[in-house]
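Protein sequence lines correspond, in order, to chains A and B. Position 50, counted from 1, in the first sequence is what the numbering used here calls 50; the numbers after and before it change by one each time, with no gaps. Position 111, counted from 1, in the second sequence is what the numbering used here calls 111; the numbers after and before it change by one each time, with no gaps.
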Amino acid sequence: MSGALALQARGLKKAYRGVVAVESLDLDVEAGTVLGFLGPNGAGKTTVIRMLSTVLRPDAGRFSVAGVPQDQPVEIRRRVGVLPESAGYPPGQTGEEWLRFHAELFCRPRADARVTARRLLAEVGLAERGGSLISGYSRGMRQRLGIARALVNGPQVVFLDEPTLGLDPMGQFQVLELMTRIAGEHGVTVVLSTHLLAEVEQACDRVLILNRGRVVAQGTVAEVARRAAAPRRGLVRVPPELRSRALEVLAACEVGAVAADRDHRGELVLTVPAGAAPDKAASLALRRLLEEGVPVLGFTLEGGRLSDAFLTVTENADGRDR
Amino acid sequence: MAAIGDRPVGAGRRAWTVVAERELRDLWLAGRGLPLLLAYSVLLSVTSYLVAANQALNFLEQREAVSLTLQVAVAVGALLVLLGAADSVSGERERGTLESLLLSPAPRRALIIGKGIAAVSLWAAAWAVSVPYVWYLGRGVGVVGVAVASGLVVGSLLALFLVGYGLLVSTVLSSNRLSLSVSLFALLALYAPTQMPTAVQNSWIGDLLLRVDPFTAGLRYLGKLIINGHGPGQDAGWLIGPVLAAFVALAVALTVAGRLTLHGGAQT
């Protein structure tokens, strides 16, 4: 690590009435990073965010945020902004009133709070609706208002917990575009908890995958995809008239699941099971096809994707647990 | 957005004033404050009518009429405070807005104090509404001043007790419905000693129970001042219960408020 650490955690642990939510989490995130925080439902992502933002107290372990140790929770809260998962909004207040209130809670004078609220509303594209009651906001507007609230204190670290949950594609795009802009323009560290793997691939510098309270993969998006998800799918092209024969041969050599295309053009998809060496499986399959007199017109091994990595590491972890 | 590190330090108002202002606006401009006060006014109007205007039902001496109306005003006014306080934190929890508050650097106690002030404002408004009724019923017998002043003192003590109790319950319990149920059940329990047989009430244990219970003690004190015409200091012993209850409830509520958590229960 070369830069200053925005987040550091060692052995962080949290259990709810005996059920472990987070188990011995170690974390190092450099300042200015956009971290994709991934994991299946119940992996412990929200618990980690709540611990790092000092809303929940860990059972064990230690952490620091923006260089401030956990025993100074008020100072940490001054330096972080959080969009909580399923955040509620007071329906009887206007967006501007709500932001002003939160700005004042961060010790901003009344006039300054008003200026801050209006600036943030403009920044998240709600300048026109700042005077409207929140009850009239769409879900996407509420999420953008929540992001504005997370920025009300000029934070050094921003946690966005499922900011695109329940949004339509346009809403998802707007929120992620906003997040990317915030990270780029202001140089804050962003922790993005989401299920949208494609967006994480696009917007995040690094990724951390959590499963059952444990970190199962972390690194740059490319590293995680490469390390955890070596190519698992190969596309084999054979003459259309030999398609059925090729299916039989591949099924017999037991290198993985085989599926044929529906339009009978002679393309077969070979999926190597997790844990198997894909290059060996592919060479065996191709050798057997040629031995059985099925010419191979083309072969492509698909590159590893984050979604493959996600499935691989979470499946592997689940397998170990069983 | 402000630049990184651009954070005001102590430049704004104190957090409890910010929260209190927001809660007062929500309560009185957009919330339940006015409907509750309207219902309270209707109740006082009906009570006053029954004790004063309806000759067929009016079997009370004028001082007793003032005392009865004042006791209703104080008891129901305090109930309003309890309703407000019991909803304060658990309501935020249920609406999903508590986490945003907990993410601010404001001390937990400041959040609770601000909410408590809004709840107590219900009593202040109720007392203001009750003054004309007391004046109307008590005019001519020289008890209006005593009734208004003693009602304010006793009602304020009971309001402080109930705001502390309501905030405590609301802080600890995760469900708003549970918080309201527990609060109202406790209030009913506080009225229970008034239902004891007269013989029991006159025994030493009954007397102790009436004095310890802040509600019965406060209402007895009002009765002695208004009906019996005693001086304010003559029966001040009856105020020990309400004073102690208010002090203890507020102290416990503020202590627990320092460990306010997202899901209820006290954080250790």
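Quick reminder that beta carbons are idealized off the backbone N, C-alpha and C, glycines included.
- Using a Cβ distance threshold of 7 Å, L239 of chain B and Y221 of chain B count as a contacting pair.
- Secondary structure of T164 of chain A (DSSP, three-state): coil.
- Contact between V249 of chain A and R288 of chain A holds, with the beta-carbon distance rounding to 5 Å and staying under 8 Å.
- Only residues of its own chain outside the window of five on either side were considered, and among them A118, S121 have a CB closer than 7 Å to the CB of L24 of chain B, listed in chain order.
- Bounds of the alpha helix (DSSP H) holding I147 of chain A are 139-150.
- Closer than 7 Å at the C-beta level to chain A, one finds these residues of the segment 81-110 of chain B: R95, G96, T97, E99, S100, L102, L103, S104, P105, A106.
- In this structure, the straight-line span from the alpha carbon of S156 of chain B to that of Q71 of chain B is close to 13 Å.
- In this structure the segment 36-50 of chain A does not touch the segment 135-147 of chain A; the number of beta carbon pairs closer than 8 Å is below three.
- When Cβ-Cβ separations below 7 Å define contact, G61 of chain A makes no contact with chain B.
- Here V34 of chain A is not near L7 of chain A, since their CB atoms are 7 Å or more apart.
- Just measuring C-alpha positions, the residue of B:Q234, B:R32, B:K115, B:G142 sitting nearest A15 of chain B is B:K115.
- Assigned with DSSP and collapsed to three states, E267 of chain A falls in strand.
- In the DSSP assignment, T17 of chain B falls within the alpha helix (DSSP H) that extends over 15-29.
- At a cut-off of 7 Å between beta carbons, R139 of chain A makes no contact with chain B.
- At a cut-off of 7 Å, the C-beta of F101 of chain A has a neighbouring C-beta in chain B.
- Around the beta-carbon of F215 of chain B, 16 or more other beta-carbon atoms lie within 10 Å, marking it buried.
- Sequence-distant Cβ neighbours of L36 of chain B in its own chain, meaning closer than 6 Å and more than five residues away, are L80.
- Only residues of its own chain outside the window of five on either side were considered, and among them W98, I134, Y137, R142, L145, G146 have a CB closer than 8 Å to the CB of Y89 of chain A, listed in chain order.
- A:D59 is the residue among A:D59, A:F299, A:E128 whose C-alpha sits nearest the C-alpha of R17 of chain A.
- Collapsing the DSSP output to three states places F63 of chain A in a strand.
- The beta carbon of G81 of chain A is closer than 6 Å to those of A150, L151, P155, V158 in its chain, skipping five residues each way along the sequence.
- At a C-beta separation below 9 Å, L262 of chain B has these neighbours in chain A: R50, V55, L56.
- In this structure the segment 125-140 of chain B does not touch the segment 93-108 of chain B; the number of beta carbon pairs closer than 8 Å is below three.
- Within the segment 152-182 of chain A, N153, G154, Q156 place their CB atoms closer than 7 Å to a CB of chain B, listed in sequence order.
- In the DSSP assignment, L187 of chain B falls within the unbroken alpha helix (DSSP H) covering 176-191.
- Taking 7 Å as the threshold, the shortest C-beta distance from C107 of chain A to chain B falls below it.
- With a beta-carbon spacing of about 19 Å, L120 of chain A and R139 of chain A fall beyond the 8 Å limit used to define contacts.
- Only buried fits V22 of chain A, as 16 or more other CB atoms lie within 10 angstroms of its CB.
- T300 of chain A and E162 of chain A have their C-alpha atoms some 35 Å from each other.
- Its Cα nearest to that of R177 of chain B, the residue B:E92 stands out among B:E92, B:G31, B:G33, B:Y40.
- Membership of N202 of chain B in the alpha helix (DSSP H) is indicated by the continuous run 198-202.
- CA-to-CA, the gap between L235 of chain A and L262 of chain B works out to about 51 Å.
- Using a C-beta cut-off of 8 Å, the segment 160-180 of chain B makes contact with the segment 247-260 of chain B, since at least three inter-stretch Cβ pairs fall below that distance.
- The C-alpha of L210 of chain B lies about 10 Å from the C-alpha of N202 of chain B.
- With a threshold of 7 Å between beta carbons, V18 of chain B makes contact with chain A.
- A110 of chain B: member of the alpha helix (DSSP H) spanning 108-138, first to last residue.
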